[in-house]
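The structure under discussion appears below in the form of structure tokens.
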Amino acid sequence: MGRDAHRTRTTGVSLMSVLGENPRAGRGAQRGAGRYAPSPSGDLHLGNLRTALLAWAYARKSGRDFYLRVEDLDERSRPEHEASQLRDLEAIGLDWDGSIMRQSERLDFYEGIFEQLRGRGQLYECYCTRKELAQVASAPHRPPGSYPGTCRNLTEAEREAGRAKLAATNRGPALRLLTDVSELAVTDENYGDYTGGVDDLVIRRGDGVYSYNFVSVVDDGEMGVDQIVRGDDLLPSVPRQVYLQRVLGYETPKYAHVPLVLNAQGVRLAKRDGAVTLGRLREYGWSAADVVELLAGSLGYKDVRSVAELLEVFDPARLQSAEAREPWKVDVDTLGLGPDSHLGN
Ligand SMILES: [Zn+2]
3 MGRDAHRTRT TGVSLMSVLG ENPRAGRGAQ RGAGRYAPSP SGDLHLGNLR
53 TALLAWAYAR KSGRDFYLRV EDLDERSRPE HEASQLRDLE AIGLDWDGSI
103 MRQSERLDFY EGIFEQLRGR GQLYECYCTR KELAQVASAP HRPPGSYPGT
153 CRNLTEAERE AGRAKLAATN RGPALRLLTD VSELAVTDEN YGDYTGGVDD
203 LVIRRGDGVY SYNFVSVVDD GEMGVDQIVR GDDLLPSVPR QVYLQRVLGY
253 ETPKYAHVPL VLNAQGVRLA KRDGAVTLGR LREYGWSAAD VVELLAGSLG
303 YKDVRSVAEL LEVFDPARLQ SAEAREPWKV DVDTLGLGPD SHLGN
């Protein structure tokens, strides 16, 4: 697999030689690939399972490979959560190609790309504290959460002062990408054209952890992922990620964002909603096939009880309608009454 070849790369090569060669060597070169990339910080709930099922169906229906990537750089990541997530994905019938990629095992590789970006003068240090960023983020005439470039053009004396300020709180500076656009137009298969802000995004956080945007763009590029299906809460991050892909020399994949799942109160589904994980649903009499039927039903496919059956009828174009872009609302309380209360039989 291309992935294994990439592991042998050293950090001594130039960025152009890393990025100039085709990152899609291997099986993905002919077929392309989709992926699901969970963070192992808890059990998967129905919303996660639905997105995973869709990512798998999009990939398989289009003849692509399907990869599983564990995004475990966050301090809340636990191996036991990874194990339970993989168990649940297998239980509903999903399969994936190759070995599972864990970001925690790729730190040397990220460092190599990071150092080359820094060597090209494309990164700068940011000394802003979380509080300072919260204040500028709420300033008028600015897209929410965007960074105004406070630390972009500091003198060396100001940088020294910034480092000293952070050292007193046991943090280092974050490293941001020096960007030269403020917004970018992108295309999503379900949402059409989308224009969003691009700021000087964080590449490495002040605590030394590489940012989500950086590692996910690098991994997708290196794995040959050319189709990204994920929750539509991530749509606003696409312009930033596409910009970073161009800086790093990766091709832009096809994006298809899918709606989130909400509880009866209209709030994004979360584990604390109760009987929304496979484990909890089992306690109320739900089998894995029942859960597949529930998820397939939410996509408009009736009496589908396995992922193989779903694949036969699955049509990605149906997710492009305005109706299909509405969130799926789940009445969690009635899930506890068992599958008969939800499934049409
Ligand atoms: Zn700053």
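So for the sequence shown, my numbering puts the first residue at 3; every next one is plus one. Think of the CB as a built atom: it goes at the ideal place given N, C-alpha and C, for glycine as much as any other residue. Since the model is a prediction, treat every value here as computed from it, not as a measurement.
I need the straight-line Cα distance from G210 to L337, nearest angstrom please. Looking up residue 210 in the sequence shown gives position 208. Looking up residue 337 in the sequence shown gives position 335. Approximately 42 Å, taken between the alpha carbons.
By the 10 Å Cβ neighbour count, where 16 or more other Cβ atoms means buried, how is E295 classified, buried or exposed? Translated into the one-based positions of the sequence shown, residue 295 becomes position 293. E295 should be labelled buried.
Could you check where the beta strand (DSSP E) with D195 kicks off and where it finishes? The sequence position of residue 195 within the sequence shown is 193, counting from 1. Segment 194-199, the beta strand (DSSP E) holding D195.
With 16 other CB atoms within 10 Å as the buried threshold, where does V183 fall? Locating residue 183 in the sequence shown gives position 181, where the first residue counts as 1. So V183 counts as exposed.
Could you please go through the chain and list the residues whose beta-carbon is closer than 5 Å to any non-hydrogen atom of ligand 1? After applying the 5 Å Cβ criterion, the set is C128, C130, T152, C153.
Close-in-space but distant-in-sequence residues of the same chain around N24 (CB under 6 Å, 5 per side omitted): Sequence index remark: in the sequence shown, residue 24 carries index 22 (1-based). For N24, the predicted model reports a pLDDT of 40, less than 50, meaning its position is unreliable; a value from the coordinates is still stated below. Around N24: no qualifying Cβ.
Taking 8 Å as the cut-off, decide whether the C-beta atoms of L243 and G223 are in contact. Taking the first residue of the sequence shown as position 1, residue 243 is located at position 241. Taking the first residue of the sequence shown as position 1, residue 223 is located at position 221. Per the sequence presented here, residue 243 reads as Gln, with Leu not at that position. The answer is no: Cβ separation not under 8 Å.
Any idea if G49 is buried or exposed, counting beta-carbon neighbours within 10 angstroms, 16 or more meaning buried? Along the sequence shown, read from residue 1 onward, the residue named residue 49 stands at position 47. Looking at its Cβ environment, which holds 16 or more other Cβ atoms inside 10 Å, G49 is buried.
Determine, using beta-carbon pairs with one atom in the region 120-132 and one in the region 88-99, whether at least three such pairs fall under 8 Å. The region 120-132 vs the region 88-99: no contact.
R232, buried or exposed, once every other Cβ within 10 Å from all chains shown has been counted against 16: To locate residue 232, count along the sequence shown from 1; it is residue 230. In this structure R232 is buried. Its beta-carbon is surrounded by 16 or more other beta-carbon atoms within 10 angstroms.
Buried or exposed for A351, please, with buried defined as at least 16 other CB atoms from any protein chain shown within 10 angstroms of its CB. There is no way to answer for residue 351, as the model of the chain reaches only from 3 to 347.
Taking the continuous alpha helix (DSSP H) assigned at Y38, which residues delimit it? Here residue 38 corresponds to residue number 36 of the sequence shown, with the count starting at 1. Premise fails: Y38 lies in the beta strand (DSSP E), 35-38, not in any alpha helix (DSSP H).
Give the straight-line distance between the Cα atoms of G30 and Q267, rounded to the nearest whole angstrom. For the purposes of this step, residue 30 is identified with residue 28 of the sequence shown, where counting begins at 1. For the purposes of this step, residue 267 is identified with residue 265 of the sequence shown, where counting begins at 1. Any answer about G30 is weak, because its pLDDT of 45 lies below 50 and its placement is not dependable; what the coordinates show is given next. Taking the straight line from one Cα to the other gives about 42 Å.
Are there three or more Cβ pairs, one per stretch, closer than 8 Å when the region 37-53 is compared with the region 291-308? yes
To the nearest angstrom, how far is the alpha carbon of G287 from that of D342? Residue numbering aside, residue 287 sits at position 285 when the sequence shown is read from its first letter. Residue numbering aside, residue 342 sits at position 340 when the sequence shown is read from its first letter. In this structure, the straight-line span from the alpha carbon of G287 to that of D342 is close to 9 Å.
If I follow the unbroken alpha helix (DSSP H) through G121, where does it start and stop? Mapped onto the sequence shown, residue 121 falls at position 119. For G121, the enclosing alpha helix (DSSP H) starts and ends at 109-121.
Mind checking I1: buried by the 16 CB within 10 Å criterion, or exposed? Since the first and last residues shown for the chain are 3 and 347, residue 1 lies out of range.
Leaving out five residues before and five after D228 in sequence, what residues of the same chain have Cβ atoms less than 6 Å from its Cβ? Numbered from its first residue, the sequence shown carries residue 228 at position 226. Cβ within range, chain order: G34, P255.
T53, buried or exposed, once every other Cβ within 10 Å from all chains shown has been counted against 16: The residue labelled residue 53 in the question sits at position 51 within the sequence shown. Label assigned to T53: buried.
Using 8 Å as the threshold, is the C-beta distance between V240 and Y196 below it? Indexing the sequence shown from 1 puts residue 240 at position 238. Indexing the sequence shown from 1 puts residue 196 at position 194. Going by C-beta atoms, V240 is nearer than 8 Å to Y196.
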